[in-house]
Structures are given as structure tokens and as C-alpha cells.
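Asks:
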Amino acid sequence: MNTIETATIIQTELDKAAVEQSTSGWMEVNQNLVKYAGGAEVKIPTLDMDGLADYDRQAGFTEGSVDFKYQTKTMTMDRGRSFSFDENDVDETNFALTAATVMGEFQRVKVIPEIDAYRYSKIATACIDKDRASGGYTAAEDTVLQKLYYDIAAVQDVVGSDTPLVITINTLVLAILSMSEKLSKKLDVTDFKQGDVTFRVRTLDGIHPLIPVGSNRLKTEYLFNDGATTGQESGGFAATDTSKSINWIITPKNAPIAVSKTDKMRIFDPETNQKARAWAMDYRKFHDLWITDNKIEQCFVNIEEALA
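Residues are numbered in the numbering used here as their position in the sequence shown, beginning at 1, plus a constant of 416.
Rendered as C-alpha cells:
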């Protein structure tokens, strides 16, 4: 069996699935703007230009400047695990299927929730730092719609009413809207494209897609276990004691630039593996999210707990 070819196929499918299965996968559509050549570094484009000036009938136009450049960024999240399969449990014929199944499940259950949580917490923290957040609101049927409209207005006041917005909303908050006979009349259903997959999602007034996310992924702060420190051996992530709960995040669709890349996977057969008579696989994931400073001003986050 060609282990290099198998690893390449699995790696490609994992990257595709990461976009399609993640609740924040739509943010990776914006990575088309990013230059990626492997490893942990990416290049993010930034564009700045002068505003209008007076036109002079004698001198003509006032010269302006356009500053377009790429900023080199390093994906701060560099995560990985090594797995092995005893040679008595896996034979050469079915190894590819077993490896793909196990790694696919690992990504779905462990990796994707962590990536989502990291992205939402990073957006929330950036919005709080830029005073683009409100806190101290517990969603209730008699106030939730009004509160949501006010927050949408805070975004549209900056970007205008024609900019497509995405509302990432706590599943429990969306349930209040959906189960209310009065409020649910404001909800419609439409298609929402993410990667190569199109989902049916609820929208507010038929305009703003509402992406439901479990409350455990919508916190302002997480500890991402290193897998080595005492108490962190099992890896994964967990909300910190000081984290706050996010009700919803409102962003222009093109504001977050998310990137996740599965590094070159390695597969070792039992003859090559020096540690045990077993097949071994190394899984490594780079990922990060960026929103430029001028785009953060176009976002808004609503937090349940009061902000300090």
C-alpha cells in the first residue's frame, strides 16, 4: 500500500470536511484572499486609501494614495496528536478505510468544536476590546427580538443596510425565537452555502442568516490543553472560570478570515514504526482567524454577563 498517497487523500478530505462540518466554516470562504504556501504562515491582504478631496478647477484633482500590501501572519494554533493501530487489528486491505474513519470521527468530535470555539472567542474578545460589545443581557421572549434588532442596527450604522451580515447565535437563544408564536413569524428559511455544501438555515426577516451554535462553543475565553501539563493530558479545550457566555455575534460575511490546514499527514506501517508493531498516524492542524482593525468596527457581540 502507498502510505504517502493514502495520507494525501485523507488529508484532502479532512480539510474539506473541516469547512463543511464547522459552524464557522463559512468564514473560510474568505481565505481565498489569503496566500498560503504551507506551514504556519499566511499572507493577509490589507487595503487603505485616502478619502475625497476638493476638486480645483485650475489644478484639477488632488493626488491620493492607495496602499495595498500583504501582512505575514503566523497561525497561532498549532495542534496535533499521534494515533496508532495494532497490526493485528488492521490488515493492509482495510487500513485506509479504518484510518479515514477514525481520523474523520476525531476531527468531527474533537477538532471542529475546538476550532469553532477558538474563532468565536477571538472575535468576541476583539469586539470587547474595541467597545463593539454589550453585556448584562439574559435572553427573554419579551425583549430578545428588540435587543437583536438594536445590535443589527449598531452594525448597519457603520456598514450600511446593503452589506450581507451573518448572525452567529446561541442555540438556546434561537430556541426562544423559534418557539415563540409571535417571534417566529419574523423567521424564514433560506439556503446558506458553506464550502461545497448548501444548508437550509433560518433567517431574520428573510435577510440575515442565523447560524445556531451550541453554548459550549460560544464563550469569550478557553483553555486549550497542551496534552502534557498535569491535568491537561487528555487535551482538548474547556471554558475558563472567568469566561462569559455569548448570546450572538453579528459580522459582515466578508469580515472574518479563517484558515485551517491539516499539515502533511504521516503514516507509518508496522515495519517502519519504531515504537510498536502497529500502524501509526500523525495528525497536525494549523488554524487561526483574523479580522482587520477596520473590520472589527463593523462587528458586534452580545454577552450574557456584564462586561467589566
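Just so you know, even glycine gets a beta-carbon here, dropped at the ideal spot from N, CA and C.
#1: Which two residues bound the contiguous beta strand (DSSP E) that contains LEU639?
#2: What residue range does the beta strand (DSSP E) around ASP604 cover?
#3: Give the straight-line distance between the Cα atoms of GLN648 and LEU634, rounded to the nearest whole angstrom.
#4: In whole angstroms, give me the CA-to-CA distance for THR791 and ASP642.
#5: May I ask you to list the residues that DSSP assigns as paired with TYR452?
#6: Please name the residue, chosen from LYS660, GLN714, ALA692, that lies closest to THR541 on a Cα-to-Cα basis.
#7: Please report the residue range of the beta strand (DSSP E) in which ASN718 lies.
#8: Could you pull out every residue in the same chain whose Cβ sits closer than 7 angstroms to the Cβ of ILE485, ignoring the five residues on either side in sequence?
#9: In the DSSP assignment, find the alpha helix (DSSP H) that holds MET595 and state where it starts and stops.
#10: Rounded to whole angstroms, what's the CA-CA distance from VAL717 to VAL560? Just pull it up for me.
#11: Tell me LEU705's beta-bridge partners as DSSP assigns them.
#12: Is it right to say LYS701 is buried, meaning 16 or more other beta carbons lie within 10 angstroms of its own, or is it exposed?
#13: Go ahead and label PHE477 buried or exposed: buried means 16 or more other beta carbons lie within 10 angstroms of its beta carbon, across all protein chains shown.
#14: Please confirm whether SER500 and TRP695 have their CB atoms less than 8 angstroms apart.
#15: Under 8 angstroms by Cβ, that's how I've got GLU457 and THR488 pegged, so tell me the actual separation to the nearest angstrom.
#16: Which residue comes first and which comes last in the alpha helix (DSSP H) that contains TYR486?
#17: If we count the other Cβ atoms within 10 Å of its Cβ and call it buried at 16 or more, is ARG616 buried or exposed?
#18: What span of residues does the alpha helix (DSSP H) with PRO529 cover, start to end?
#19: ILE665: which of SER650, LEU599, VAL571 sits nearest, CA to CA?
#20: Specify whether the stretch 706-723 and the stretch 536-553 touch according to this definition: at least 3 beta carbon pairs, one from each stretch, less than 8 angstroms apart.
#21: Quick check on ARG618: buried or exposed, where buried means 16 or more other Cβ atoms within 10 Å of its Cβ?
#22: Using only the alpha-carbon positions, how far apart do ALA533 and GLU444 sit?
#23: Could you give the DSSP three-state label for ALA406: helix, strand or coil?
#24: Could you have a look at TYR471 and say whether DSSP puts it in helix, strand or coil?
#25: Any idea if LEU705 is buried or exposed, counting beta-carbon neighbours within 10 angstroms, 16 or more meaning buried?
#26: Please say whether SER650 and ILE531 have beta carbons closer to each other than 8 angstroms?
#27: Kindly indicate which residue of PRO672, MET681, VAL629, PHE522 has the alpha-carbon position closest to the one of ILE460.
#28: Using only alpha-carbon positions, find the residue among PHE522, VAL518, ASP502, SER537 that is nearest to VAL629.
#29: Buried or exposed: where does ASN504 fall if 16 or more other Cβ atoms within 10 Å of its Cβ makes it buried?
#30: Around the C-beta of VAL589, are 16 or more other C-beta atoms found within 10 angstroms, so that it is buried, or is it exposed?
#31: Please report the straight-line C-alpha distance between ILE719 and GLY611, rounded to a whole angstrom.
#32: Count the other C-beta atoms from every protein chain shown that fall within 10 angstroms of the C-beta of SER600, then say buried if there are 16 or more, exposed otherwise.
Replies: From the atom records:
#1: Within the sequence shown, residue 639 is the residue found at index 223, counting from 1. LEU639 -> beta strand (DSSP E) spans 638-640.
#2: Here residue 604 corresponds to residue number 188 of the sequence shown, with the count starting at 1. That run of the beta strand (DSSP E) goes 603-610.
#3: Taking the sequence shown and counting its residues from 1, one reaches residue 648 at position 232. Taking the sequence shown and counting its residues from 1, one reaches residue 634 at position 218. Those two C-alpha atoms are separated by around 21 angstroms.
#4: A question about residue 791 goes unanswered here, because the residues of the chain that appear run from 417 up to 724.
#5: The count along the sequence shown starts at 1 and reaches residue 452 at position 36. In DSSP, TYR452 forms a bridge with VAL458.
#6: Locating residue 541 in the sequence shown gives position 125, where the first residue counts as 1. Here the closest residue by C-alpha is LYS660.
#7: Taking the first residue of the sequence shown as position 1, residue 718 is located at position 302. From DSSP, the beta strand (DSSP E) with ASN718 extends over 716-719.
#8: The residue you call residue 485 lines up with position 69 of the sequence shown. Checking the sequence, you will find Lys at residue 485 rather than Ile. Contacts found: THR462.
#9: Residue mapping note: residue 595 aligns to position 179 of the sequence shown, counting from 1. Looking at the DSSP string, the run of the alpha helix (DSSP H) that includes MET595 is 587-595.
#10: One-based indexing of the sequence shown puts residue 717 at position 301. One-based indexing of the sequence shown puts residue 560 at position 144. Spanning the two alpha carbons is a distance of roughly 14 angstroms.
#11: Locating residue 705 in the sequence shown gives position 289, counting from the first residue. Paired residue(s): ALA674.
#12: As a working note, residue 701 is residue 285 in the sequence shown. Its Cβ being crowded by 16 or more others within 10 Å, LYS701 is buried.
#13: Within the sequence shown, residue 477 is the residue found at index 61, counting from 1. Burial call: exposed.
#14: The residue labelled residue 500 in the question sits at position 84 within the sequence shown. The residue labelled residue 695 in the question sits at position 279 within the sequence shown. Yes, the Cβ-Cβ distance between SER500 and TRP695 is below 8 angstroms.
#15: As a first step, residue 457 is located in the sequence shown; it is residue number 41 there, counting from the start. As a first step, residue 488 is located in the sequence shown; it is residue number 72 there, counting from the start. Indeed they touch by this definition, with Cβ atoms about 6 angstroms apart.
#16: The residue labelled residue 486 in the question sits at position 70 within the sequence shown. In the DSSP assignment, TYR486 falls outside any alpha helix (DSSP H) and within the unbroken beta strand (DSSP E) covering 482-490.
#17: Mapped onto the sequence shown, residue 616 falls at position 200. It is exposed - the Cβ of ARG616 has fewer than 16 other Cβ atoms within 10 Å.
#18: Within the sequence shown, numbered from 1, the residue matching residue 529 stands at position 113. Here the alpha helix (DSSP H) through PRO529 covers 528-545.
#19: Residue numbering aside, residue 665 sits at position 249 when the sequence shown is read from its first letter. Cα-wise, what sits closest to ILE665 is VAL571.
#20: yes
#21: Position 202 of the sequence shown, counted from the start, is the residue given in the question as residue 618. Counting Cβ neighbours within 10 Å, ARG618 comes out buried, since at least 16 surround it.
#22: Start at 1 with the first residue of the sequence shown, and residue 533 comes out as number 117. Start at 1 with the first residue of the sequence shown, and residue 444 comes out as number 28. If you take the alpha carbons of ALA533 and GLU444, they lie about 15 angstroms apart.
#23: Limits of the chain in this structure are 417 at one end and 724 at the other, which puts residue 406 out of reach.
#24: On the sequence shown, residue 471 is found 55 positions in, with the first residue counted as 1. Reduced to three states, the DSSP call for TYR471 is coil.
#25: Translated into positions along the sequence shown, residue 705 becomes position 289. Counting Cβ neighbours within 10 Å, LEU705 comes out buried, since at least 16 surround it.
#26: As a first step, residue 531 is located in the sequence shown; it is residue number 115 there, counting from the start. As a first step, residue 650 is located in the sequence shown; it is residue number 234 there, counting from the start. Cβ atoms of ILE531 and SER650: not closer than 8 angstroms.
#27: Locating residue 460 in the sequence shown gives position 44, counting from the first residue. Nearest C-alpha to ILE460: PRO672.
#28: For the purposes of this step, residue 629 is taken as the residue at position 213 of the sequence shown. Of the candidates PHE522, VAL518, ASP502, SER537, the one whose C-alpha sits nearest the C-alpha of VAL629 is SER537.
#29: Start at 1 with the first residue of the sequence shown, and residue 504 comes out as number 88. Exposed, by the Cβ-count rule.
#30: The count along the sequence shown starts at 1 and reaches residue 589 at position 173. When all chains shown are included, VAL589 counts as buried.
#31: For this step, residue 719 is matched to residue 303 along the sequence shown. For this step, residue 611 is matched to residue 195 along the sequence shown. Their backbone Cα atoms lie some 29 angstroms apart in a straight line.
#32: Along the sequence shown, read from residue 1 onward, the residue named residue 600 stands at position 184. The residue in question, SER600, is exposed, as its Cβ has fewer than 16 Cβ neighbours within 10 Å.
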